[in-house]
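Chains as they are written, first to last, in the numbering used here: chain W, 2 to 206; chain F, 61 to 718; chain E, 57 to 180.
Idealized CB from N, CA, C, for every residue including glycine.
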Ligand code: HEM
Ligand SMILES: [Cu+2]
C-alpha cells in the first residue's frame, strides 16, 4: 500500500524542530488578531476606559501568572523525568486556568439570575456601546483561547498519567506549555489595556 | 454503503448533521429558557415562491443560523476525516506517516475525494476546486454583464444584482486563493526537491476547510443574499439580509485555510530544501510563494477579525462600528457609539496586502517561464527575488489608499499616497527583469509562453491604472467608478489568471504525462487576450465617462451603451475561451500523445524525473550544484542526483502524541 | 441578553468539550490507517536510548530548572506590583508599556524558550 516510506516525516528530532517552527509561526499569526483588537480598543476608547471594579481582574491576572509558573514547572519536570511533579503541576495549571475562565465569565461578565431569567453583565453589558463591545470582544476572544488551552492541558495530563512522554520525547507537553504561556502573554497586554490605561468613565447604562 | 468511502460524501453528511445540531442547540436553549424560537416575531416567511421562501424563512433565526454554520464546518471536517489523526494523537495513538492511498483498496481517483496527505493530490484538489469556483463566479458575471450591456435594462432586479456582484467578487477571490494554494502546494515541494510539505496533515486540513467555506459562501446567495459588495462595509453590512452572515463565515473559513496553508509553505521552504539549494539558488517561484505566505500568515487574521466583529455586532448588539441605530432583527434594541472607519482600517489592512497574495505567485510563474522559453538566464535573479519580498513588505504600509474619501483624518492621505507610489519601484524591477530576459532571446511561442507574455501586457494595463488611483487628487474623481473595476480586473488577470493558465499548460504534461493540444491552446490564447484588452479598456473608458461601480443600471444620457456592449461581448468571449481550455486539458488530453519527462528542456528539479511523477517524487536526493536559470550557458548544471538514498529508511515512525 | 449566554458560554463549552468527546467516538469508526501496529509502537518506545550517564546529569539539572521557575515567579510578581503602582501612582502610559514589555520578554525568553526556535540542538 505505502508507495514509499518517508524517513524525514518520521524522524522525531526533525519533526520536533519543524513543529516548533510551525507553532511559533502560528503565534506570530495570532499576534495580528489580538493586535487588531488592541487597535480597536485604542481607536474606540482612546484615553478612556469603562469604570470597572479593580480587584477581581487583578486576582484573575495573578491566577493566570501562577498557572504559567506551574506550566513551566510541569515542562521542566518531564524534561528531567520527575513524573510526579509533572502530573501534579499540570493539574494545578488546569485548575488555575479554569479559575481564570470562570472568573471572567461569572465575575467580569457577571451572569446573574434576575426574575428567573439569566442575565449577563452586572458591571457592563455587551450592548453598552463601544465600551461593552470592545470589553466583551477582547475578553471573549482571550477566554476562548484560555478554555482551549485548558482542554489541551487536560489532554496532556491524561496522557501523562498513563505514562506517555519522557525526558527525551515530550513535544506534546512543550506545545501545550508554550501555547499556555502565549495566552498568558496576550493577557499581559490586554489587562492594562482594559483596566489600567486611561481615565475611567461611566459607560452609560 | 460504498459512497461513504468517499470523504466528500461523509463530510457533507457530517456537515449537515453538524448544522442541524448547532441550529437545534440554540433554538432548544432558547425554548428551554422560556423564550420564543424566533428572535423577531415580526419576520414571517414569504411562501410565494421557493426562492422567496428561502430568502425569508431563515431570517428570524439569525443567531441559530450562525451557530449552525459553525457546526457545519466542524461536522464537515470531522466527517471528511481531516482531523482523525489529530484526535488519535490526543488519545495517545500514534499514526505513522505513509505515502500513497490512505485507504487500502480504493481506486486511484477516489484519492481526490478523500483526505489524502500527498502534496500532489492536495495541489490538484486545490486546483480543481479553484476552477470550479472560477466557473461559479464567471457564470454570475455573465448574468449581470447582460444586465449592464445596455442602459436602463430590467433583466436582473437590483437586489439580485447586488447579491450577484457581491458573490462574484468574493467567490472569485476565493477561487484565486485556491489557485494560489494549488500552485504553491503542488510546486513548492517539487521545486525545492522535497517529497512532501512539512506538515502533510495540516496541508490536508487547510485544503478541506475550504470546502465548507466555499459552500457557505455560495449558499449565502440563497438565504437572502447580501448587498454590500465584496468589502462588506458596515453600517450597510450590519443592516444587510441574512446572507451576509454566511458570506462572513465562508470568508472566515477560507481565510483559515490561507493561514494554515501559508504556515506550511514557510516551514517547508525553510526546512526542506535539497542539499546545496541556498536561498539564492531557489527557483523564483519559491521566493514568490514565500513572500505570499508571509502576507497570508499574518494579514489574514484581520479580515477574519473585522468580519467577526460585524457578525457579533449583528447577533449580539456589540456596537463596534455603528454610530447608532436599531438592531434590525429584534424589536426595540439599539447599538451605538461605534466607528465604521475602524472597520475599513482593519479590512484593508488585510485586503490590500491580499492583492499581492493574488499576484505575487503569478508574477513568479512569469519569471519562471520566460527564461525557459527564451533560452536565456533570468535577468537580475537576485533583484527579482528581493522585489517579491519588498512588494510583500511595502504592501503592508499602503492600505489606506482605499480610504481617501472615507472620512479618515486628512493628514493620513499624503503619507499613504507616498507609500502607494513606492510599491511601483519593486514592481518596476520585475518588469525590467522580464524585458531583460526576453531581450535577444530565441523565443519559442508555445502556449505557456504566450500566456506569460499576455500576462505581462495585461498586467501593464493594471499597473498603469494604479498610480492615478494612488494619487489623492485623481482618486477623488476616479474612486467608486468603473475605472477602479478596470484597474483591478487588469491586475488580477495579469497577475493571476493569465499566469495561472500558463502554469496549467506548462505543468500539465509533468502532472499527467500527456501533452495538451497546442493548436487549441493557441486558439484559447488568441481569443482570450484581445478580448481581455477590449474588456479592460472598455471598463476604464466607461469609468472615466461616469459609470459608477455597483450600480444595476445607468442612464442613456451617459452615452456609454456601445462601450458597455463591447465589454459584455468581450466577457463572453473570455468565458468561452476558458471552456476551450478546460476541454483541451481535461477531456481531449486523455487520448493525447505522451509527453516526455522534459518537453520544455527546463533545468528545474521536477523536470528531471519521469512524467507523471512517481508517488515519491525524488527517490534519490537531488543535490543542487549550480544556478537555477543559466539557460544557454554551456556546461552549467543546476542539479545532480545522489546515487543512493542518503538516509537509511527508519522502520517505525512515531508521529505526534508524545 | 440571551444571545450572550448562548454565544459566550454554550459555544466555548460545547465546541471545546462536546466536539472533542463526540469526535473522539467518531474517530473509532473512521476509515484510514486506523489500526495501530502495537508492535511498531513498542519498537519505537524501545528505541529510546538507554539511560546512561546523560540521564544522571539530566536529573541533576532538575533542581536548577525548578529554581528558574521560582525566580520567574518572583520577577512576575514584582513586575505586576510595578504595573499596579505605575498605573495608580504615576499614571504614565509609557512607563506601563515598558513594564509590560519587560514582562512579555521574560515570558518569551524563559517560559517559552524562544531561543529553541533557531538553536537546533534538541534540549527537550
Ligand atoms: C501599481 C500598483 C498599484 C497601485 C498604485 C494601486 C492603487 C489602487 C488604489 C489607490 C485603489 C483604490 C481605488 C479606489 O477605490 O478609489 C485600488 C483599488 C484596487 N486595486 Fe489596486 N493598485 C495597484 C496594484 C494592484 C494590484 C497588483 C492589484 C491586484 C491584484 C490591485 C487590486 C485592486 C483592487 C481589487 C482594488 C479595488 C478594491 C475595491 O473593491 O474597492 N491593485 N488600487
Ligand atoms: Cu490597495
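For residue i, which residues does DSSP report across the bridge?
i             : result
residue 201/W : 50/W
residue 541/F : 608/F
residue 682/F : 701/F
residue 654/F : 574/F
Can you find a C-beta in chain W that's less than 8 Å from the C-beta of residue i?
i             : result
residue 142/F : no
residue 259/F : yes
residue 172/E : yes
residue 452/F : no
residue 380/F : yes
residue 152/E : yes
residue 138/E : no
residue 65/F  : no
residue 88/F  : no
residue 146/E : no
residue 250/F : no
residue 472/F : no
residue 141/E : no
residue 389/F : Residue placement at residue 389/F cannot be trusted, given a pLDDT of 47 that sits under 50; what the coordinates show is reported in the next sentence. It does not; no Cβ of chain W falls within 8 Å.
residue 732/F : What is shown of chain F runs 61 to 718, which leaves residue 732/F out entirely.
residue 165/E : no
residue 397/F : yes
residue 134/E : no
residue 701/F : no
Would you please verify whether the beta carbon of residue i is less than 8 Å from any beta carbon of chain E?
i             : result
residue 59/W  : yes
residue 158/W : no
residue 36/W  : no
residue 21/W  : yes
residue 25/W  : yes
Measure from the C-beta of residue i to each C-beta in chain F and report whether the shortest distance is under 8 Å.
i             : result
residue 101/W : no
residue 244/W : Past the boundaries of the shown model lies residue 244/W; chain W is included only from 2 to 206, so the question cannot be answered.
residue 45/W  : yes
residue 178/W : no
residue 14/W  : no
residue 41/W  : yes
residue 112/W : no
Can you pull the chain C residues whose beta carbon is under 8 Å from the beta carbon of residue i, in chain order?
i             : result
residue 292/F : Absence of chain C from the displayed structure is noted, the protein chains being W, F and E.
- Message: Taking beta-carbon pairs under 7 Å, can you tell me which members of the segment 317-333 of chain F lie near chain W?
- Response: 319, 323, 326, 327, 330, 331
- Query: Can you list, in chain order, the residues of the segment 353-378 of chain F whose Cβ is nearer than 8 Å to any Cβ on chain W?
  - Reply: 357, 358, 359, 360, 361, 362, 364, 365, 366, 369, 372, 373, 376, 377, 378
- Of the residues that make up the segment 61-89 of chain W, which ones have a beta carbon closer than 9 Å to any beta carbon in chain E? 62, 63, 66, 67, 69, 70, 71, 72, 73, 74, 76, 77, 78, 79, 80, 81, 82, 83, 86
- Task: Could you name the residues of the segment 586-598 of chain F whose beta carbon sits closer than 7 Å to any beta carbon of chain W, in the order they occur along the chain?
- Result: none
- Query: Between the segment 121-139 of chain W and chain F, which residues of the former have CB atoms less than 7 Å from a CB of the latter, in chain order?
  - Reply: 127, 128, 130, 131, 133, 134, 137, 138
- Jot down the residue ranges of each uninterrupted beta strand (DSSP E) in the segment 111-181 of chain W, minimum 3 residues, whole runs only, in chain order. 112-115, 118-121
- What residues from the segment 133-162 of chain F come within 9 Å of chain W, judged by C-beta to C-beta, listed N to C? 149, 150, 151, 152, 156, 157, 158, 159, 160, 161, 162
- Can you list, in chain order, the residues of the segment 159-176 of chain W whose Cβ is nearer than 8 Å to any Cβ on chain E? 167, 168, 169, 170, 171, 175
- Query: Can you list the beta strand (DSSP E) stretches of 3 or more residues lying completely in the segment 45-99 of chain W, in chain order?
  - Reply: 49-51
- Message: So within the segment 113-148 of chain F, which uninterrupted alpha helix (DSSP H) runs reach at least 4 residues, ignoring any that extend past its ends?
- Response: 122-140
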